[in-house]
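First the structure, in the form of C-alpha cells, and then the observations on it.
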Amino acid sequence: MISKTAIALLLLGLTCILASNDERYKKWRLSTNDDTIESTETEDEIVDAHRSRNRQYVRTRESLKQLIRQGYDDWEAFKGVHSKRFTDNDIENERMLAFLASQQHVRRHNDAYERGDVTFKIGINHIADLPFSEYQKLNGYRRLFGDANAQKNSSTWLSPLNADIPESLDWREHGYVTDVKNQGMCGSCWAFSATG
116 MISKTAIALL LLGLTCILAS NDERYKKWRL STNDDTIEST ETEDEIVDAH
166 RSRNRQYVRT RESLKQLIRQ GYDDWEAFKG VHSKRFTDND IENERMLAFL
216 ASQQHVRRHN DAYERGDVTF KIGINHIADL PFSEYQKLNG YRRLFGDANA
266 QKNSSTWLSP LNADIPESLD WREHGYVTDV KNQGMCGSCW AFSATG
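The sequence shown begins at 116 in this note's numbering and counts up one residue at a time.
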C-alpha cells in the first residue's frame, strides 16, 4: 500500500514539471521600474485565458491521474515479474519512487536512441527499484582517490616484440561473446568485460 505522503510528493513533482512547461506562465513579467505587473494581453484575453486554463486544468488533472495510475500499474507489474514484496510501506514507497525514476531514465535514453543520439538501448531489470545509495553498494571495491599504495602496486604492460598483435579484435566474429551476466556484488566487471 502506498502512503498518502508518497502520492502527494509524486503529484507535487509532476505538477511542477507540467507547470514549468506551460507557456501561459511565461506571459507575465515583473516590471523593474514601478513594481507593477505588466501583461501583453487585453482584459478580454485574460478572461478567456482563465476559462481556457480551467478547462485545460480538468484535462491536465485527469491526465495526471492517469499518469499516476499507469506508474502504479507499472510498479505492481515490476513487483510481480521480479517477486518483490515489502513489509514496510516507507521502504516500498522509496523503492517505487526509485523505480519510477529508473523508468523515466530508460524512456529518455531510449528516446535518444530512436533519434540516433546514442547507439544502444537500455531496459528495466531486477535492480531498477534500488535507490542510488543502495545501487552504489553493488559496485564492489573502489580504490580510494589518492591511495598511496596505488602507484606502488601498479605496473605497465609491454607488448612482446615477436608477436603480431592486430589493431582491433571483435570477439563476436569468433563466437566468444556470451549473454550479459548478473555479477551482483562481485566487483569484477572488468573481468566480465574482458572474458565475456
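We put the beta carbon where it would ideally sit given N, CA and C, even for glycine.
- Taken through DSSP and simplified to helix, strand or coil, Tyr250 comes out as helix.
- Taking the Cα of Asp203 as reference, the smallest distance to any Cα among Met211, Val196, His197 is reached at Met211.
- For Tyr228, the enclosing alpha helix (DSSP H) starts and ends at 204-230.
- Burial state of Trp190 is buried, judged by a 10 Å Cβ sphere holding 16 or more other Cβ atoms.
- Pairing Phe235 with Leu276, the inter-Cα distance amounts to about 37 Å.
- By the Cβ-count criterion, Glu207 is buried, with 16 or more other Cβ atoms from all chains shown falling within 10 Å of its own Cβ.
- Between the stretch 221-234 and the stretch 180-198, the count of Cβ pairs shorter than 8 Å is below three; the stretches do not touch.
- The beta carbons of Trp286 and Val292 sit closer together than 7 Å.
- Spanning the alpha carbons of Asp188 and Glu249 requires a straight line of approximately 24 Å.
- One Cα belongs to Ala213, the other to Arg184, and the distance between them is close to 16 Å.
- Between the C-alpha atoms of Ala278 and Leu284 there is a straight-line separation of about 15 Å.
- CA-CA distance, Gly238 to Val196, rounds to 14 Å.
- For Ile183, the secondary structure class from DSSP, reduced to helix, strand or coil, is helix.
- Leaving aside the five residues that flank Ala243 on each side, the residues in its chain whose CB is nearer than 6 Å to its CB run, in chain order, Phe214, Ser217.
- DSSP places Thr293 outside both helix and strand once states are collapsed to three, so it counts as coil.
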